[in-house]
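Chemist:
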Amino acid sequence: MSHLVPGAAQTQRLIRACAAVGEAAGKKLSAEGRDVLNVTFADQRFVLPQLLAAFGLALDAENTGDASRAEQLRTFIRQTAPHCGPLAMSTSDFSDNAEAHPPLVSPVSNALARTQQLGSAYPTQRAKTIRPRAHLPIPARLTAGNFLGASTVEPVH
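So the sequence shown is numbered by the numbering used here: it starts at 29 and just counts up by one.
#1: Compare the Cα-Cα distances from residue 89 to each of 78, 34, 101 and 79 and report the closest residue.
#2: Buried or exposed: residue 49, going by 16 or more other Cβ atoms within 10 Å of its Cβ?
#3: Report yes if the C-beta distance between residue 47 and residue 61 is below 8 Å; otherwise report no.
#4: Can you tell me the Cα-Cα spacing of residue 71 and residue 59, whole angstroms?
#5: Using the Cα positions of residue 64 and residue 84, report the straight-line distance between them to the nearest angstrom.
#6: When the Cα atoms are used, what is the spatial distance from residue 91 to residue 77?
#7: Pull up the CB-CB distance for residue 87 and residue 52, whole angstroms please, since I reckon it's below 8 Å.
#8: Please state the DSSP three-state secondary structure of residue 94.
#9: Can you list, in chain order, the residues of its chain whose CB lies under 7 Å from that of residue 75, leaving out five sequence neighbours each side?
#10: If you draw a straight line from the alpha carbon of residue 110 to that of residue 103, how long is it in whole angstroms?
#11: Using C-beta distances below 7 Å, list every residue in its chain close to residue 98, excluding the 5 sequence neighbours before and after it, in chain order.
#12: Looking at C-alpha atoms only, which residue of 120, 95, 68 and 121 is the closest neighbour of residue 44?
#13: Taking C-alpha atoms, which residue in 114, 66, 32 and 38 lies nearest to residue 81?
#14: If you drop the 5 nearest sequence neighbours on each side, which residues of the same chain put their C-beta closer than 6 Å to that of residue 39?
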């Protein structure tokens, strides 16, 4: 992704943070992943990536035996996003045994579960297709010659 695209750096950081959270959940967080999570958590301009990084760092702190740091990060998560139950999960919640851990209950997860139970009760809506109007002429002031600095530009008829 080009650095000239607005938001490209933030998007790249978010993608790297998502990968690092996956590493932390799998108890295989690399030093580079830890650095990405620390930088993302320190950036207070964007709350969602900061929450994601806090979650990954809490998992990592738990994996390395730093229970007080994990609790500090989880306190931050609970204060910032109190209705997001999955961010309160610990590494022990990521096991193959689903019966060992009851599902987390929160308003968001309840709403999602209710929607899945209703199935097709909600009608689906097709997106509107937008087609360019090829028959409209391009004004002379918007032609390529104008942008390239040509001294004379022929109007398009």
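Virtual Cβ for every residue (Gly too), placed ideally from N, Cα, C.
Modeler: Based on what the coordinates show:
#1: 101
#2: buried
#3: yes
#4: 19 Å
#5: 10 Å
#6: 21 Å
#7: 4 Å
#8: coil
#9: 108
#10: 10 Å
#11: 86, 89 and 90
#12: 68
#13: 66
#14: none
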